[in-house]
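Residue numbers (the numbering used here): 1212 to 1371. Idealized CB from N, CA, C, for every residue including glycine.
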Amino acid sequence: MNKAVFLDRDGVINKEKKTYVKTIDDLEIFDNISSCIQKLKKNNFLVIVITNQSAIGRGLIDVEKLNEIHEEIQNHLAKSNTKIDAFYFCPHHPDENCLCRKPQPELIIKASNDYDIDLQSSWIIGDNDSDVLAGHNAGCKGIKTDNSNLPSAIEKILKN
């Protein structure tokens, strides 16, 4: 079985925007994300993004635009010879009470089935309580932090 670190996207990989990241022009990837992902991958962790993207449910962007944003993140990481293994997203408006929106664990469980992940050996890092709660609900450990403390969060994971 594999071990993984699940990352929230907005606030961890890229700057969060109050008006949502709707195009690649809105995307501001944090400088340290490539080195952070490299370190996880060097230590045999899969790196998987689990993200709520209610901008889709709000009609602000479509799945095609979201995929372009994720492709741009991958292009950025490829310059450092690294990548995110997969992106899982909830497209629903928060009022829809769907099963895939964090803190529900559905997306993490789906990823664990798709990639044969041992959730007890895995972690989630996110900047909201709902991120950590989704991890706990799925059976993995969680760290609440934004990008500014991401390197120390990764060090904590590697020591455990």
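Please report the straight-line C-alpha distance between residue i and residue j, rounded to a whole angstrom.
i            : j            : result
residue 1240 : residue 1224 : 6 Å
residue 1268 : residue 1219 : 18 Å
residue 1309 : residue 1303 : 7 Å
residue 1290 : residue 1250 : 15 Å
residue 1266 : residue 1292 : 30 Å
residue 1253 : residue 1298 : 20 Å
residue 1371 : residue 1351 : 13 Å
residue 1255 : residue 1288 : 17 Å
residue 1248 : residue 1334 : 13 Å
residue 1342 : residue 1305 : 14 Å
residue 1274 : residue 1315 : 21 Å
residue 1366 : residue 1278 : 30 Å
residue 1270 : residue 1359 : 31 Å
I believe residue i touches residue j by the beta-carbon criterion, under 8 Å. Please report the beta-carbon distance rounded to the nearest angstrom.
i            : j            : result
residue 1296 : residue 1326 : 7 Å
residue 1361 : residue 1349 : With a Cβ gap of about 20 Å, residue 1361 and residue 1349 do not count as contacting.
residue 1276 : residue 1230 : About 14 Å separates the two Cβ atoms, so there is no contact after all.
Considering only their Cβ atoms, is the gap separating residue j from residue i smaller than 8 Å?
i            : j            : result
residue 1368 : residue 1258 : no
residue 1313 : residue 1364 : no
residue 1227 : residue 1221 : yes
residue 1214 : residue 1332 : yes
residue 1238 : residue 1272 : no
Suppose the cutoff is 6 Å on Cβ atoms and the five residues either side in sequence are ignored; what does the same chain contact list for residue i look like?
i            : result
residue 1212 : 1327 and 1329
residue 1354 : 1336 and 1364
residue 1263 : 1301, 1312 and 1313
Spatial neighbours of residue i within its chain, please: CB distance less than 7 Å, with the 5 preceding and 5 following residues excluded, ordered by chain position.
i            : result
residue 1340 : 1355
residue 1382 : Outside the shown range of the chain (1212 to 1371) lies residue 1382, about which nothing can therefore be said.
residue 1294 : 1285 and 1288
Leaving out five residues on either side along the sequence, give the residues of the same chain with a beta carbon under 8 Å from the beta carbon of residue i.
i            : result
residue 1307 : 1268
residue 1347 : 1353
Stretch-stretch touch, CB-based, cutoff 8 Å, three pairs: the stretch 1277–1296 with the stretch 1234–1248: yes
The stretch 1249–1266 contacting the stretch 1314–1323, beta-carbon criterion three pairs below 8 Å: yes
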